[in-house]
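For reference, each letter of the sequence shown is one residue, going 836 to 1054 in the numbering used here.
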Amino acid sequence: MTDIELSELLLPQRVERIEEVLSHRTRQLTVLVESIHKGHNESAILRSCDAFGVQDVHVISSSEKRFRPKRSIARGSQKWVDIHRYQHTKEAIEQLRADGYQIWASHLGEASVPLQSLDLTGKVVLAFGNEKEGISQEMVDACDGCFKIPMLGFAQSFNVSVAVAISLYEAVQQRVAAFGSNGDLPDDEKDALQERFIEMSIQPRILRALRDQSNTSSS
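This is how it looks when you write it as structure tokens:
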């Protein structure tokens, strides 16, 4: 079946919703998480990325501790974002540098600057460490700089998933103020994602039946 025929299986409101979501999607702003330990944090991070229009999430995790978000918390968000996996910090940094990103790491250090002082309108990676140790020294040494989220109470840090959400909110606010919208995907990328999102919006058993029918007709 063609994409147009597949879209006809969905309610018009669902197709419109997919188009609206894609109009706010970006690959210029992305998130990198390093060795997150807890599944509920992994899941909440994915939900925040989807909610703020971030299409790509970069994950550093060893083979012993795989990135496994909890579906009950992610609420399906893992379907709508692209997860890029690395086993080592160096590998992730080299790839993101090659792709032209500036890397800012969340870190409570003397040289860290307030989040809102950063220019987050360019091609930017926001990097976050795990729940216990935070960002690694390797990441601190390799990134363009470190930022902190100003706090007014006795607490010195946020839960990592909360920090991701706050940081993305600030970045999206800057992007909307600068460009009028967070979304900036080229038409060909939008079309490819729309095709994928439409397929994922159809129940798998129905999609399998349609494909089987199409294969039978063409043979």
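Using N, Cα and C, we set each Cβ at its ideal position, and we do this for glycine too.
Same chain, Cβ closer than 6 Å to residue i, five either side skipped, listed in chain order
| i | result |
| --- | --- |
| Y921 | I895 and A927 |
| W915 | D885 |
| S858 | G1018 |
| E899 | The predicted model places E899 with a pLDDT of 48, which falls under 50 and marks its position as unreliable, so this point remains unresolved. |
Cβ shell of residue i (< 7 Å), same chain only, five flanking positions each side left out
| i | result |
| --- | --- |
| A909 | Since pLDDT at A909 reaches only 44, below the 50 mark, its modelled position is unreliable, and the value read off the structure follows with that caveat. Around A909: S878, L881 and R882. |
| E851 | none |
| S907 | Confidence in S907 is poor, its pLDDT being 49 and thus under 50, which makes the residue's placement too unreliable to answer from. |
| S947 | C981, F982 and K983 |
Proximity below 8 Å, CB of residue i to CB of residue j
| i | j | result |
| --- | --- | --- |
| T861 | V889 | yes |
| T924 | M986 | no |
| S971 | I984 | no |
| V999 | V866 | yes |
| E966 | H872 | yes |
| E1005 | L950 | yes |
| L931 | L864 | no |
| F887 | V997 | no |
Residues of its chain near residue i, where Cβ-Cβ distance is below 8 Å and the 5 sequence neighbours each way are ignored
| i | result |
| --- | --- |
| S1036 | L845, R849 and I853 |
Run of the alpha helix (DSSP H) containing residue i, from where it starts to where it stops
| i | result |
| --- | --- |
| L1003 | V995 to F1014 |
| L881 | G874 to A886 |
| V850 | P847 to S858 |
| L1028 | D1022 to M1035 |
Any chain B beta carbon closer than 8 Å to residue i
| i | result |
| --- | --- |
| S842 | Among the chains of the structure shown, chain B does not appear; only one protein chain is present. |
N-terminal and C-terminal residue of the beta strand (DSSP E) that residue i is part of
| i | result |
| --- | --- |
| R920 | D917 to Y921 |
| D891 | D891 to I895 |
| L844 | No beta strand (DSSP E) holds L844; DSSP gives it neither H nor E. |
| S865 | Note that residue 865 corresponds to Thr in the displayed sequence, not to Ser. Unbroken beta strand (DSSP E) run through T865: L864 to E869. |
Q. Is it a yes or a no for the segment 992-1008 touching the segment 1020-1038, going by three-plus beta-carbon pairs under 8 Å?
A. no
Q: For the segment 845-854 and the segment 959-966, state whether three or more C-beta atom pairs, one from each stretch, are separated by less than 8 Å.
A: no
Q. With a cut-off of 8 Å, do at least 3 Cβ pairs link the segment 931-949 to the segment 976-985?
A. yes
Q.
If we require 3 or more residues per run, which beta strand (DSSP E) segments fall completely within the segment 933-991?
A. 937-941, 959-963 and 980-983
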